[in-house]
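>
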Amino acid sequence: MLKKVSLLLIVALLAVTALAACKPAAVATEAPVATEAPVATEAPAATEAPLVITDTELNVLCTPQEEWCQGMKQEFEALYGITVNYVRMSSGEALARIEAEKDAPTFDLWWGGPIDSFVSAKAKGLLETYESPNFVNLRDPELMKDVDNQWVGVYVGSLGFATNTDWLAAHPDAKAPTSWDDLLKPEFTGQVMVAHPSSSGTSYTALATIIQIRGEEAGWEYIKQYAGQMASFTKSGAAPAKFVCQGEAAVAIVFSHDTVNEIENNQCPLELSFPAEGTGYEIGGMAILKGAKNIQAAQLWYDWAISPEGQSLGPIYHAYQAPTINGVELSHPELLDVNLIDYDFIWAGENKTAFVDKFTNEIANAENLKQ
Numbered sequence: 001m002l003k004k005v006s007l008l009l010i011v012a013l014l015a016v017t018a019l020a021a022c023k024p025a026a027v028a029t030e031a032p033v034a035t036e037a038p039v040a041t042e043a044p045a046a047t048e049a050p051l052v053i054t055d056t057e058l059n060v061l062c063t064p065q066e067e068w069c070q071g072m073k074q075e076f077e078a079l080y081g082i083t084v085n086y087v088r089m090s091s092g093e094a095l096a097r098i099e100a101e102k103d104a105p106t107f108d109l110w111w112g113g114p115i116d117s118f119v120s121a122k123a124k125g126l127l128e129t130y131e132s133p134n135f136v137n138l139r140d141p142e143l144m145k146d147v148d149n150q151w152v153g154v155y156v157g158s159l160g161f162a163t164n165t166d167w168l169a170a171h172p173d174a175k176a177p178t179s180w181d182d183l184l185k186p187e188f189t190g191q192v193m194v195a196h197p198s199s200s201g202t203s204y205t206a207l208a209t210i211i212q213i214r215g216e217e218a219g220w221e222y223i224k225q226y227a228g229q230m231a232s233f234t235k236s237g238a239a240p241a242k243f244v245c246q247g248e249a250a251v252a253i254v255f256s257h258d259t260v261n262e263i264e265n266n267q268c269p270l271e272l273s274f275p276a277e278g279t280g281y282e283i284g285g286m287a288i289l290k291g292a293k294n295i296q297a298a299q300l301w302y303d304w305a306i307s308p309e310g311q312s313l314g315p316i317y318h319a320y321q322a323p324t325i326n327g328v329e330l331s332h333p334e335l336l337d338v339n340l341i342d343y344d345f346i347w348a349g350e351n352k353t354a355f356v357d358k359f360t361n362e363i364a365n366a367e368n369l370k371q
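To convert, note that position 279 of the sequence shown is 279 in the numbering used here; the numbers rise steadily by one, no gaps.
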């Protein structure tokens, strides 16, 4: 279970680093007394020669935003000379595609998307085991990688609400929601947007968060009411923020880094808020897929994606998720300094198929999703 305190340690570590940089120079001390020269030891045994990569291409199933997928492709190709072919899909679509192709996989590696889907993929036997030498870089290996080394976390992001400030100005009695119950207020009827959990890991994170906060019986009762407030469901998890930016609804339920992207780079009139009683979050995952044809190239990407060089690229491509490794600064540490629940992503992954089926069959089908 990923604990709130572990995520906040990321923020605390940055503060410690900043303070260390500001410390005054230490007072000089006496030179140490000379010691005897160390006794010579035998030279270390020769190590194996570095692996020669013979793969010339890599096929990636990419779940984050298109700009980041494209940026990572270009950076990897420039660094290693390996051609990257990628398809961008939301995590629910990606999991369905991988499962459908399990006997003849198209992709070598899956990068990005909430870890719940990777837990589900592992249970279905769709992932390869790989022990990366860069696991030592992880801020918390126990929390941010699979115990059997079948997936690893590559970023962290919190779930929030994005409200159109022009809509708020036109409705002076309304306020941006600061609780899950606020979404059920009459003024938000037909004014809320979220993706459908069958296609989107963002939406599934919201669904699993509500059930964890309220319990299954009360959680599903709330979800029925919540679904009734929707203007429409979208296919992509980040899309509701774009539509709310355009005035098609008042409130989007999205990951907070997607809201920041819309505000900072698209000048969207959005206000970011969080539910006071607690919100969920994602660990974005990565895994090599069972039956990968370009296994060496996949391992190379895997190692690179949990290196400081790989994880420092996000903000360049307007991706403001928090890194999972040491040595990389957070672009927006305030996005984790909120009331995060102890989101149980193993439980969420194990229940994903059943919960999505229940939502789709009993509450809202996945037809005519807005794109």
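Beta carbons are placed, not taken as given, at the ideal position from N, Cα and C, and that holds for glycine. Note that the structure is predicted; figures quoted are calculated from it, not measured.
Skipping 5 residues on each side, what residues in its chain have a beta carbon closer than 7 Å to that of Gly153?
Ile115, Met144, Lys145, Ile283, Gly284, Gly285, Thr324
> When burial is assigned at 16 or more other CB atoms within 10 Å of the CB, is Glu262 buried or exposed?
buried
> Hey, which unbroken runs of the alpha helix (DSSP H) at 4 residues or more fall wholly within the stretch 97–143?
115–123
> Compute the beta-carbon to beta-carbon distance between Leu159 and Ala206, rounded to the nearest angstrom, for a pair I have assumed lies under 8 Å.
6 Å
> Between the C-alpha atoms of Phe107 and Ser200, what's the straight-line distance to the nearest angstrom?
19 Å
> Taking 8 Å as the threshold (C-beta atoms), are Gly349 and Ser120 in contact?
Yes, the pair counts as a contact, with Cβ atoms nearer than the cut-off.
> Run through DSSP, which three-state label would Met89 get?
Note: Met89 maps to coil in three-state DSSP.
> Under 7 Å Cβ to Cβ from Thr41, same chain only, skipping five residues before and after it: list those, please.
Reliability of the predicted coordinates at Thr41 is poor, the pLDDT of 38 falling under 50, and the value obtained from them is presented with this limitation in mind. Apart from the 5 residues on each side of it in sequence, Thr41 has no Cβ closer than 7 Å to any other Cβ in its chain.
> Might you give, ordered along the chain, the residues of its own chain that have their beta carbon closer than 7 Å to the beta carbon of Glu67, omitting 5 neighbours on each side?
Tyr317, His318
> For the stretch 335–354 against the stretch 169–185, are there 3 or more C-beta pairs whose distance is under 8 Å?
no
> Is Tyr343 helix, strand or coil by DSSP?
coil
> According to DSSP, simplified to helix, strand and coil, what is Ala364?
coil
> Keeping to the same chain, check which residues put their C-beta closer than 7 Å to that of Lys374; ignore five residues upstream and five downstream.
A query on residue 374 cannot be resolved here, the shown segment of the chain reaching from 1 to 371 and no further.
> Determine the contact status of Pro269 and Met193, defining contact as a CB-CB distance below 8 Å.
no
> Below 8 Å between beta carbons: does that hold for Val251 and Gln191?
A contact, by the Cβ cut-off of 8 Å.
> Can you tell which of Ala94, Tyr86, Ala364, Pro141 has its C-alpha closest to the C-alpha of Cys69?
Residue Tyr86 is the option with its Cα nearest to Cys69.
> Should Ala94 be flagged as near chain C, meaning a C-beta pair shorter than 8 Å?
In the structure shown, chain C cannot be found, because there is only a single protein chain.
> Give me the Cβ distance between Tyr155 and Gly314, rounded to the nearest whole Å; I'm assuming they're in contact under 8 Å.
So it is a contact: roughly 7 Å between Cβ atoms.
> Shortest alpha-carbon distance to His238 belongs to which of Thr209, Ser203, Ile288, His332?
The amino acid at residue 238 is misidentified as His; the sequence shows Ala. Looking at the Cα atoms, Ser203 is the closest of the given residues.
> If you scan the stretch 191–249 from start to end, which runs of the alpha helix (DSSP H) of 4 or more residues do you find wholly inside it?
201–214, 216–227, 239–245
> By Cβ distance below 7 Å, which residues in the same chain neighbour Ala249 in space, the five residues on each side in sequence not counted?
Gln191, Val192, Met193, Ala231, Phe243
> State the beta-bridge partners of Cys62 as determined by DSSP.
According to the DSSP secondary-structure assignment, Cys62 is paired through a beta bridge with Arg88, Trp111.
> Run the CB neighbour count on Val136, radius 10 Å, all protein chains shown included, and call it buried at 16 or more, exposed below.
exposed
> Over what stretch of residues does the alpha helix (DSSP H) that includes Gly310 continue unbroken?
308–311
> Along the chain, where does the alpha helix (DSSP H) containing Thr163 start, and where does it finish?
Note, Thr163: premise wrong, no alpha helix (DSSP H); beta strand (DSSP E) at 152–164.
> Need the endpoints of the alpha helix (DSSP H) that Ser331 sits in, please.
Looking at the DSSP string, Ser331 is not in any alpha helix (DSSP H), and its letter there is neither H nor E.
> Rounded C-beta distance between Phe233 and Lys370? I'm assuming under 8 Å.
Separation of the CB atoms of Phe233 and Lys370 is rounded to 7 Å, and the pair is thereby assigned contact status at 8 Å.
> Quick check: the Cα distance between Gly112 and Tyr302, rounded to an integer number of angstroms?
11 Å
> Whose CA, out of Phe188, Ala195, Ala208, Met72, lies closest to the CA of Thr353?
Ala208
> Pull up the distance between the alpha-carbon of Gln150 and that of Ser198, whole angstroms please.
23 Å
> Quick check on the burial criterion: 16 or more other C-beta atoms within 10 angstroms. Buried or exposed for Leu367?
First, the amino acid is wrong: residue 367 is Glu here, not Leu. Its Cβ having fewer than 16 others within 10 Å, Glu367 is exposed.
> Going by the beta-carbon positions, is the gap between Tyr130 and Gln296 smaller than 8 Å?
no
> Can you give the beta carbon distance from Lys290 to Lys73, rounded, assuming they're within the 8 Å contact cut?
About 23 Å separates the Cβ atoms of Lys290 and Lys73, ruling out a contact at the 8 Å cut-off.
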